[in-house]
Amino acid sequence: MNQRIRNCTAAAALLLTAITASATNYTAILTGPQESPPNTSPAIGAAVVKFDTASHILEVDVAFSGLILPSTLSHIHCCTTTPGAGVAGVATEVPTFGGFPMGVTSGAYTNTYNTSLTASWNPAFLTSHGGTTAGAEAAFAAGLNAGEAYLNIHSERYPGGEIRGFLAAAPVPEPATIAMLGLGLPAVLLMARRRRKM
């Protein structure tokens, strides 16, 4: 087996490991009509949140555009009593995500949090879930999985939130798809090698 095939096989193994890791991705489209109460803001945003309770990592990626007035706050709220509806207290750090772009009508944000640290959580959220980061992580994961957590962006025009979106688990490849990738990739590599020799 030549080095190229070994490298491709190693890359496929890493891909399969990444696909089956314990982190879960959640996505949301943020709009004014999804706020509570709904508003007519033309702004839009998108969020991808990755949460891995095993490694205590919360990754937050947000992009937004078109706020009526400049941004003032952003965070994740959890947990509403009804999936996809209602309001809840802030779960993540307060008053806002550290480093979130403030005073702008459009922007992008990326940050990673260690959820085993109390600074990653709203103290009220910690207290209401046993006073420990483990309790906060468990409640947050349950809220995300149940569709009871939302990310929103507040602005000078809408201090209670201009745009928001409930976070929903992103589709995960089925085990059969992963198995086919694992079995099929070496066969494709072998065929490509044979064609080059001809």
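The sequence shown runs -23 to -1, 1 to 175 under mature numbering (1 follows the signal peptide of the UniProt record, and there is no 0).
We put the beta carbon where it would ideally sit given N, CA and C, even for glycine.
When the Cβ atoms of the segment 81 to 88 are set against those of the segment 52 to 60, are three or more pairs found closer than 8 Å?
-> No, because fewer than three Cβ pairs between the segment 81 to 88 and the segment 52 to 60 fall closer than 8 Å, the two stretches do not touch.
Can you say whether Thr17 is buried or exposed, counting buried as having 16 or more other CB atoms within 10 angstroms of its CB?
-> On the sequence shown, residue 17 is found 40 positions in, with the first residue counted as 1. Answer is exposed; the Cβ neighbour count stays below 16.
With C-beta atoms as the reference, is Ile45 less than 8 Å away from Arg134?
-> Counting from one through the sequence shown, the residue named residue 45 turns up at place 68. Counting from one through the sequence shown, the residue named residue 134 turns up at place 157. Judged by beta-carbon spacing, Arg134 lies within the 8 Å limit of Ile45, meaning their Cβ atoms are closer than that value.
What are the partner residues of Thr1, as DSSP defines its beta bridges?
-> For the purposes of this step, residue 1 is taken as the residue at position 24 of the sequence shown. Thr1 is bridged by DSSP to Phe28.
By Cβ distance below 8 Å, which residues in the same chain neighbour Tyr86 in space, the five residues on each side in sequence not counted?
-> For the purposes of this step, residue 86 is taken as residue 109 along the sequence shown, with counting starting at 1. Correct list, in chain order: Val37, Asp38, Val39, Ala40, Ser51, Phe74, Gly76, Phe77 and Pro78.
Buried or exposed (CB count within 10 angstroms, at least 16 for buried), Leu94 = On the sequence shown, position 117 is the one that residue 94 refers to. Leu94 should be labelled exposed.
Considering only the beta carbon of each residue, do Ala146 and Thr30 sit closer than 8 Å?
-> Locating residue 146 in the sequence shown gives position 169, where the first residue counts as 1. Locating residue 30 in the sequence shown gives position 53, where the first residue counts as 1. Not a contact, by the Cβ cut-off of 8 Å.
Where does Gly120 sit, in a helix, a strand or coil, going by DSSP?
-> In the sequence shown, the residue the question calls residue 120 occupies position 143. Gly120 falls in the helix class under three-state DSSP.
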